[in-house]
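Asker: Here's a structure for you.
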Amino acid sequence: MRHVISVLLENESGALSRVAGLFSARGYNIESLTVAPTNDPTLSRLTVVTSGTERVVEQIIKQLNKLVDVVRLTDLTETQYIEREIMLIKVRAVEGLREELKRLSDIFKSRIIDVTDSSYIIEMTGDATKLNAFMHAVGEEQIIEVVRSGATGIARGEKSLKVG
Amino acid sequence: MELSGGDILIESLKEEDVEFIFGYPGGAVLHIYDALYSQNSVKHILVRHEQGATHAADGYARATGKPGVVLVTSGPGATNAVTGIATAFMDSIPMVIITGQVQSRFIGSDAFQEVDCVGITRPCVKHNFLVDSLENMASTIRKAFYVATTGRPGPVVVDIPKDFTTPGVTTRFDYPKEVKMRSYNPATSGHPGQIRKAVDLILSARRPMIYSGGGSVLGNAASSLTKFAKLLNYPVTQTLMGLGAFPGTDEQNVGMLGMHGTYEANMAMHECDVLIAIGARFDDRVTGEIDRFCPHAKIVHIDVDPASISKNVVVDVPIVGDVSKVLDVMNSMIEETDKRANPTDLNEWWSQIKRWASTDCLAYEASDSVIKPQYVVEELWKATKGDAYITSDVGQHQMWAAQYYPFDKPRRWINSGGLGTMGFGLPSALGVQLAFPDEIVACITGEASIQMCIQELSTCMQYGLPVKIINLNNRYMGMVRQWQEFSYEKRYSHSYMDALPDFVKLTESYGHVGMQIDKPGDVTGALEEAFAMKDRLVFMDFITDQSENVYPMIEAGKGHHEMRLHPAQGRELA
């Protein structure tokens, strides 16, 4: 099963490689991994999307917790949460396709942010399912390039991941 | 007090009560070595190879319970130390390894003797640090010792760029009294509700089994464990790493378990209905085929590391906490209640265990023409009254040591269980001997393993360390040969040790005493003669039976109840 794990990490050099190294050393899957600073400059927030049996995911969480640089973590998939990812997709846009891609982009509530006479760059956010659906709708032969940020997530309501 | 980085390091080590530092100098640590030169509190032990430094510090740590400290230079100094760091990591040994690094401004430039030490050691340390400024040196050292010695112990590397140790460049030295790390809070006492639940299960057992591991030794839980077992009169089996936490000669001890454990211990594991795992990690050499592991048992697992729980085997009552503290709470609960396991059931269980034990699975064919390795270990036990510190290398001799030298005290049996590092025996013995100059320290080894760190004979000479080396020389990498005999139709591919040195002459060339013993009748006398030389290192080269195998054995893919016994016992109990 797919799990979205959110981690507060000491913002120190090498901390990210400890997390990445753990996944490769123990043979865990990484679907995506994102990391960036937070409002607290001493902390980074990392979101890792992984998959595995309940036992494997339990081990992943324990092993992550064991890393000295990991301050706190939560398995978002255990709670109500919101997941977002940003995608920049460059598509072939010629002749009749230009109108259709514009319409498609509107339907998916995305934006065209760069235009040439043969291509568009479309920016969209959403969860992984939505981004996949858009790529499918555009069609493989029209896609020139895809850049995705990987998922980030946050729990709904008052609940938050913080120190202490 | 304003000090240079080199002096800050030395002062910090003094604050940590470091007695010995095992090291080897080089370019990136020259400033530190200069700081070492002008003081006498921290004694530097000059090894002959950085791997030796790590194993020596490791042996010291295992025997004393105090962290072992290593100092090596950058580049090859650090990479040579990696095997020893990984060895300590796999067996959860507290160590602090100081590695020199090139000047901070050269990091990443492929400078002379530069390696990414933090990167290379990351997967085999509990944690590591790259010191980022002179100002943070003392607090980093403090954190390193704190992390290495608390919770589940382990090695911690501190990589120090050369420019932070420059003489004359100083900062204020204040060794932090307290250390607080918001991201590191090791568990201490177990959850009371879980402990109560465990005690109820333990007292309702009909066929109980105590399975104790290295955590009982590392957690200083020997007396609590012994009290626990005695209160209940339950059988105890110990892992290779746990030997000695419960007395090996006690009649409740049913021997080691696992691949080369006793028949009775493994059968009891297979048949037990309540398994009490204490500071053990369900390693594959212990469990055999995991699908066949303890099929009838409810399992209680006490461990300081939450990640050890339900990693390989899913357990019923997990307790995360310091093993000795948890056992003490359990002991008080048991003392407060009259409830005990049904005596009829327990008696029947003990009778069953004794029937298994009557197989006498450690019996071997005695010989008066060729020296049996098992016999040497038995005679060593007698010669040392079972009270020596025994280190070993890795292979058949290691298993024979574990099987035929019962340990009554913890921290007496020093071996590389997790990583299985050949070359560990001699340097770890020198670390133990430094810690206990008046005790008997013997290294049980083989002619293959001993050659991997034989250069440390020189270190032993320099510091006058009278280690006794018991070389069980069968001219083979015995354990490899055994597997080739069993699983590769006796195709002994590259396991024969050809072109061996004359160990007697070799030892003598280092200034020590060498002996070669090739007749069974000479074994006892040779041991007595060697141990009478209290202040000399003696290398005893025992020419042993080449074809001897370690029995009993659980082969790959088999369960505890499917052991292969010694063929002379005339039957295979499958």
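From first to last, the protein sequence lines are chains W and P. Following the numbering used here, the numbering of the first sequence begins with 9 at its first residue and continues without gaps. Following the numbering used here, the numbering of the second sequence begins with 18 at its first residue and continues without gaps. Each residue gets a CB set at the ideal place from its N, CA and C atoms; glycine is no exception. Being a predicted model, the structure only gives us computed values, none of them experimental.
DSSP state of Glu396/P, grouped into three classes?
Answerer: Looking at Glu396/P - three-state DSSP - the assignment turns out to be helix.
Asker: May I ask you to verify whether the region 155-165 of chain P touches the region 18-32 of chain P, counting CB pairs closer than 8 angstroms and requiring at least 3?
Answerer: Enough Cβ pairs lie closer than 8 angstroms, so yes.
Asker: Considering only the beta carbon of each residue, do Gly599/P and Met258/P sit closer than 9 angstroms?
Answerer: Outside the displayed range of chain P (18 to 591) lies residue 599/P, so it cannot be described from this structure.
Asker: Buried or exposed, going by whether 16 or more other CB atoms sit within 10 Å of the CB of Glu166/W?
Answerer: Result: exposed.
Asker: Using the C-alpha atoms, what's the distance from Ser341/P back to Asn237/P?
Answerer: If you take the alpha carbons of Asn237/P and Ser341/P, they lie about 7 angstroms apart.
Asker: Name, going along the chain, the residues of the region 181-206 of chain P whose beta-carbon falls closer than 9 angstroms to a beta-carbon of chain W.
Answerer: Of all residues in the region 181-206 of chain P, Met198, Arg199, Ser200 and Tyr201 have a Cβ within less than 9 angstroms of some Cβ in chain W.
Asker: Going by the beta-carbon positions, is the gap between Phe245/P and Asn348/P smaller than 9 angstroms?
Answerer: For Phe245/P and Asn348/P, yes; Cβs fall inside 9 angstroms.
Asker: Return the chain-ordered ranges of every alpha helix (DSSP H) run that is complete within the region 58-96 of chain W and spans a minimum of 4 residues.
Answerer: For the region 58-96 of chain W, whole alpha helix (DSSP H) runs of length 4 or above, ordered along the chain, are 62-74.
Asker: Residues of the region 157-174 of chain P with a CB closer than 7 angstroms to any CB of chain W: list them in chain order, please.
Answerer: Within the region 157-174 of chain P, the qualifying residues are Val164.
Asker: Using 9 angstroms as the limit for Cβ to Cβ distance, is Pro323/P near chain W?
Answerer: Yes, Pro323/P lies at the interface with chain W (some Cβ there is under 9 angstroms from its Cβ).
Asker: Using a Cβ cut-off of 8 angstroms, which residues of the region 47-71 of chain W contact any Cβ in chain P, in chain order?
Answerer: Of all residues in the region 47-71 of chain W, Arg63, Glu66, Gln67, Lys70 and Gln71 have a Cβ within less than 8 angstroms of some Cβ in chain P.
Asker: With a threshold of 9 angstroms between beta carbons, is Asn19/W in contact with chain P?
Answerer: Taking Cβ atoms only, chain P never reaches closer than 9 angstroms to Asn19/W, which makes this a no.
Asker: In the structure shown, what three-state DSSP assignment does Glu32/P receive?
Answerer: Glu32/P falls in the helix class under three-state DSSP.
Asker: Which residues in the same chain have their Cβ closer than 6 angstroms to the Cβ of Thr401/P, if we skip the five residues on either side of it in sequence?
Answerer: Counting only Cβ-Cβ distances below 6 angstroms, and skipping sequence neighbours, we find Ile457.
Asker: Below 9 angstroms between beta carbons is the criterion; list the residues of the region 73-84 of chain W that meet it against any residue of chain P, in chain order.
Answerer: Cβ contacts with chain P come from Asn73, Lys74, Leu75, Val76, Asp77, Val78, Val79 and Arg80.
Asker: Should Pro569/P go down as buried or exposed, given a rule of 16 or more other Cβ atoms within 10 Å for buried?
Answerer: Classification for Pro569/P: buried.
Asker: According to DSSP, is Leu24/W part of a helix, a strand, or is it coil?
Answerer: Reduced to three states, the DSSP call for Leu24/W is helix.
Asker: Just to confirm the assignment, what range does the beta strand (DSSP E) spanning Pro172/P have?
Answerer: Its beta strand (DSSP E) spans residues Pro172 to Pro178.
Asker: State buried or exposed for Gln450/P, treating a residue as buried only when at least 16 other CB atoms are found within 10 Å of its CB.
Answerer: Buried, because 16 or more other Cβ atoms sit within 10 Å of the Cβ of Gln450/P.
Asker: Which residues in the same chain as Tyr50/P place their Cβ atom closer than 6 angstroms to its Cβ, once the five residues preceding and following it in sequence are excluded?
Answerer: Excluding positions up to five away in sequence, the list reads Pro42.
Asker: Helix, strand or coil for Ala314/P per DSSP?
Answerer: Coil at Ala314/P, not helix or strand.
Asker: What does the Cβ neighbour count give for Met95/W, buried or exposed, with the cut at 16 atoms within 10 Å?
Answerer: Label assigned to Met95/W: buried.
Asker: Under DSSP, the alpha helix (DSSP H) around His240/P begins and ends at which residues?
Answerer: In the sequence as presented, His is not what sits at residue 240/P; that position holds Ser. Ala239 to Leu249 is the extent of the alpha helix (DSSP H) around Ser240/P.
Asker: Report yes if the C-beta distance between His318/P and Arg224/P is below 9 angstroms; otherwise report no.
Answerer: Not in contact: His318/P and Arg224/P (Cβ atoms no closer than 9 angstroms).
Asker: Specify the secondary structure class of Ile38/P as computed by DSSP and reduced to three states.
Answerer: In the structure shown, Ile38/P sits in a strand (DSSP, three-state: E or B).
Asker: Can you list the residues of chain P that Ala33/W reaches, using a CB-CB cut of under 7 angstroms?
Answerer: Residues of chain P passing the Cβ test: Pro140.
Asker: Use the C-beta contact count for Asp75/P: other C-beta atoms within 10 angstroms, 16 or more gives buried, fewer gives exposed.
Answerer: Flag for Asp75/P reads buried.
Asker: Val113/P and Phe162/P - do their beta-carbons sit closer together than 9 angstroms?
Answerer: A contact, by the Cβ cut-off of 9 angstroms.
Asker: Considering Cα atoms alone, identify which of Ile370/P, Phe190/P, Ile471/P and Leu447/P is closest to Met439/P.
Answerer: That would be Ile471/P, whose Cα lies nearest to the Cα of Met439/P.
Asker: By alpha-carbon positions, which one of Ser368/P, Val346/P, Ile102/P and Gly23/P ends up nearest to Glu281/P?
Answerer: Minimum Cα distance to Glu281/P is reached at Ser368/P.
Asker: What is the rounded straight-line gap between the Cα of Ser409/P and the Cα of Pro209/P?
Answerer: If you take the alpha carbons of Ser409/P and Pro209/P, they lie about 39 angstroms apart.
Asker: When the cut-off is 9 angstroms and only beta carbons count, does Arg10/W lie next to chain P?
Answerer: So, not an interface residue.
Asker: Answer yes or no: do Ser91/P and Lys179/P have a C-beta to C-beta separation smaller than 9 angstroms?
Answerer: Closer than 9 angstroms, so yes.
Asker: What residue range is occupied by the uninterrupted beta strand (DSSP E) comprising Arg119/W?
Answerer: Element bounds for Arg119/W: Arg119 to Val123.
Asker: Would you mind giving the Cβ-Cβ distance between Asp77/W and Ser200/P, rounded to the nearest angstrom? I have them listed as a contact below 8 angstroms.
Answerer: Yes, Asp77/W and Ser200/P are in contact; Cβ-Cβ is about 6 angstroms, under 8 angstroms.
Asker: Kindly provide the ranges of any beta strand (DSSP E) runs that are 3 or more residues long and lie completely inside the region 312-388 of chain P, ordered along the chain.
Answerer: Correct list: 315-320 and 334-337.
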